[in-house]
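Asks: Just passing along the structure, written as structure tokens.
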Amino acid sequence: MTRQHEAQAAIRAVGLTKRFGTRQALAGVDLEAPAGTVLGVLGPNGAGKTTTVRILSTLLRPDAGRAWVAGRNVASDPHGVRERLGLSGQYAAVDEKLTGRENLYLVARLYGMPRRAARRRAAELLADFRLQEAADRPSGTFSGGMRRRLDLAGALVAKPPVVVLDEPTTGLDPRGRTDTWGAVRELVAAGTTVLLTTQYLEEADQLADSIAVIDRGRVIARGSAGALKARVGGERLALTLPDPGSRARALGILAGLGPHTPDFDPRTGRCTVATDDGVRALEHALALLRLADVAVEEVSLAPPTLDDVFLALTGGDRARRAEPGRRGPVSHRRGAA
Numbered sequence: 123m124t125r126q127h128e129a130q131a132a133i134r135a136v137g138l139t140k141r142f143g144t145r146q147a148l149a150g151v152d153l154e155a156p157a158g159t160v161l162g163v164l165g166p167n168g169a170g171k172t173t174t175v176r177i178l179s180t181l182l183r184p185d186a187g188r189a190w191v192a193g194r195n196v197a198s199d200p201h202g203v204r205e206r207l208g209l210s211g212q213y214a215a216v217d218e219k220l221t222g223r224e225n226l227y228l229v230a231r232l233y234g235m236p237r238r239a240a241r242r243r244a245a246e247l248l249a250d251f252r253l254q255e256a257a258d259r260p261s262g263t264f265s266g267g268m269r270r271r272l273d274l275a276g277a278l279v280a281k282p283p284v285v286v287l288d289e290p291t292t293g294l295d296p297r298g299r300t301d302t303w304g305a306v307r308e309l310v311a312a313g314t315t316v317l318l319t320t321q322y323l324e325e326a327d328q329l330a331d332s333i334a335v336i337d338r339g340r341v342i343a344r345g346s347a348g349a350l351k352a353r354v355g356g357e358r359l360a361l362t363l364p365d366p367g368s369r370a371r372a373l374g375i376l377a378g379l380g381p382h383t384p385d386f387d388p389r390t391g392r393c394t395v396a397t398d399d400g401v402r403a404l405e406h407a408l409a410l411l412r413l414a415d416v417a418v419e420e421v422s423l424a425p426p427t428l429d430d431v432f433l434a435l436t437g438g439d440r441a442r443r444a445e446p447g448r449r450g451p452v453s454h455r456r457g458a459a
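The sequence shown begins at 123 in the working numbering and counts up by one.
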């Protein structure tokens, strides 16, 4: 690897390994994020995401492998990495006895800012994250979303070129999640590089320029969201069947459409099946269901989601898939068949 390549990649990891006792947490992780992009890291619990974050943020040393953040080696120049890196962990790291303003002022002073500059930077971030009205309240009185925004603001005090967000929207309500997404987009628009670990597939779909899927300590897939969806292939045909007595017949018909096994959710009466024939499969299924006198309340056809990609790659339970068709381009309401 050339020094020029190290400088061009804002985040780069090569062959990272880490073992805790008998457990192999990382088994050769490679990552790369060009400057001004978002790298999404996905994986089930225990896959190695947080261990990777801790190594990149100099909180852990790898057993083997090398990594660079903003051109600085995490092993040989950890101080240089910390000067150039902002970190927001899984849990908001705020002092609940201090006000929001005092939390940010403290972080700024720890970075070595003069008092006046620290006060000014704290005020800027309070405004950016819509915390002015609560700025002088103890942060222990903040809602979960407000604490999370304050924690993210703290990670940006020194205007770092690289920010690591470890599951930043866990536990947030939809408004808090949307606010966080907006903040991430603004960071990237300003040239910041973001490494984002998340278990929300929609979050990665919304924000990530590229995605790495980690499972059992290895990167098992990488690419854009579109490229990963293409690996799964096909589309998802979904039907809602209001009559419990006809569901067995419907499942048999859908099973005959191709090699894919249908899934059925008895709570919703929703049946889904992957298909490689798109609209033709939808039309054929509706014709067969009509002949079999099977009522269909709703039908939709949609491309695969990142949920499908994630479960296909990591061997997840198919029954836990998010409902296909929620963003599908073809959709029919009651009376389709």
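All C-beta atoms, glycine included, are put in the ideal place defined by N, C-alpha and C.
#1: In the DSSP assignment, the alpha helix (DSSP H) including residue 310 goes from what residue to what residue?
#2: Here's a check: name, in chain order, each residue in its chain whose Cβ is nearer than 6 Å to the Cβ of residue 302, leaving out the five neighbours to either side.
#3: Look at the Cβ atom of residue 187, then the Cβ atom of residue 138, and state whether they are nearer than 7 Å.
#4: Exposed or buried, which one is residue 281 when buried takes at least 16 other CB atoms within 10 Å?
#5: Compute the Euclidean distance between the alpha carbons of residue 144 and residue 217, then round it to the nearest angstrom.
#6: For the alpha helix (DSSP H) holding residue 200, just list the boundary residues, first then last.
#7: With residue 214 as the anchor, note down where its beta strand (DSSP E) starts and where it stops.
#8: Anyone know if the C-beta pair for residue 326 and residue 320 falls short of 7 Å?
#9: Taking residue 359 as the reference, give the member of 376, 369, 366 with the closest Cα.
#10: From residue 443 to residue 171, what distance separates their C-alpha atoms?
#11: Are three or more beta carbon pairs between the region 383-390 and the region 399-414 nearer than 8 Å?
#12: Measure the beta-carbon distance from residue 163 to residue 173 and round it to whole angstroms, keeping in mind my assumption that it falls under 8 Å.
#13: What runs of the beta strand (DSSP E), each 3 residues or longer, lie entirely inside the region 316-373?
#14: Three-state secondary structure (DSSP) at residue 266?
#15: Go through the region 146-206 residue by residue and report every complete run of the alpha helix (DSSP H) that reaches 4 residues or more, in order.
#16: Nearest-angstrom Cα distance between residue 123 and residue 299?
#17: How about the region 262-273 and the region 208-227: do they share at least three Cβ pairs that are nearer than 8 Å?
#18: In its own chain, which residues sit with a C-beta less than 7 Å from the C-beta of residue 364, not counting the 5 before and 5 after it?
#19: For residue 387, which residues does DSSP report across the bridge?
#20: For residue 176, is the classification buried or exposed, using 16 other Cβ atoms within 10 angstroms of its Cβ as the cut-off for buried?
Replies: Let's see:
#1: Residue 310 sits at position 188 when you count from the first residue of the sequence shown. Its alpha helix (DSSP H) spans residues 296-311.
#2: For the purposes of this step, residue 302 is taken as residue 180 along the sequence shown, with counting starting at 1. Excluding residues within five positions, the ones whose Cβ falls inside 6 Å are 290, 291.
#3: What you label residue 187 is simply residue 65 of the sequence shown in a count that begins at 1. What you label residue 138 is simply residue 16 of the sequence shown in a count that begins at 1. It is a contact, given that the beta carbons lie within the stated cut-off.
#4: Residue numbering aside, residue 281 sits at position 159 when the sequence shown is read from its first letter. Its Cβ having fewer than 16 others within 10 Å, residue 281 is exposed.
#5: Residue 144 sits at position 22 when you count from the first residue of the sequence shown. Residue 217 sits at position 95 when you count from the first residue of the sequence shown. Rounded to the nearest angstrom, the two C-alpha atoms are 35 Å apart.
#6: The residue labelled residue 200 in the question sits at position 78 within the sequence shown. That run of the alpha helix (DSSP H) goes 200-205.
#7: The count along the sequence shown starts at 1 and reaches residue 214 at position 92. Counting along the chain, residue 214 falls outside any beta strand (DSSP E), and DSSP gives it neither H nor E.
#8: Indexing the sequence shown from 1 puts residue 326 at position 204. Indexing the sequence shown from 1 puts residue 320 at position 198. In this structure, residue 320 lies closer than 7 Å to residue 326 by Cβ.
#9: Against the sequence shown, residue 359 aligns to sequence position 237. The residue with the shortest Cα to Cα distance from residue 359 is 376.
#10: As a working mapping, residue 443 is identified with position 321 in the sequence shown. As a working mapping, residue 171 is identified with position 49 in the sequence shown. Caution applies to residue 443, whose pLDDT of 36 falls short of 50 and renders its modelled position unreliable; the model cannot decide the point.
#11: no
#12: On the sequence shown, position 41 is the one that residue 163 refers to. On the sequence shown, position 51 is the one that residue 173 refers to. The pair is not a contact, with the Cβ atoms about 11 Å apart (cut-off 8 Å).
#13: 332-337, 340-345, 357-362
#14: Translated into positions along the sequence shown, residue 266 becomes position 144. Three-state DSSP puts residue 266 in a helix.
#15: 171-178, 200-205
#16: On the sequence shown, position 1 is the one that residue 123 refers to. On the sequence shown, position 177 is the one that residue 299 refers to. With a pLDDT of 45 at residue 123, under the threshold of 50, the modelled position of that residue is not reliable, and the figure given next carries that caveat. Using only the alpha carbons, I get a separation of about 38 Å.
#17: yes
#18: Within the sequence shown, numbered from 1, the residue matching residue 364 stands at position 242. Excluding sequence neighbours, residue 364 sits near 391, 417, 419.
#19: By one-based count along the sequence shown, residue 387 stands at place 265. Answer is 392, bridged to residue 387.
#20: Residue 176 sits at position 54 when you count from the first residue of the sequence shown. Label assigned to residue 176: buried.
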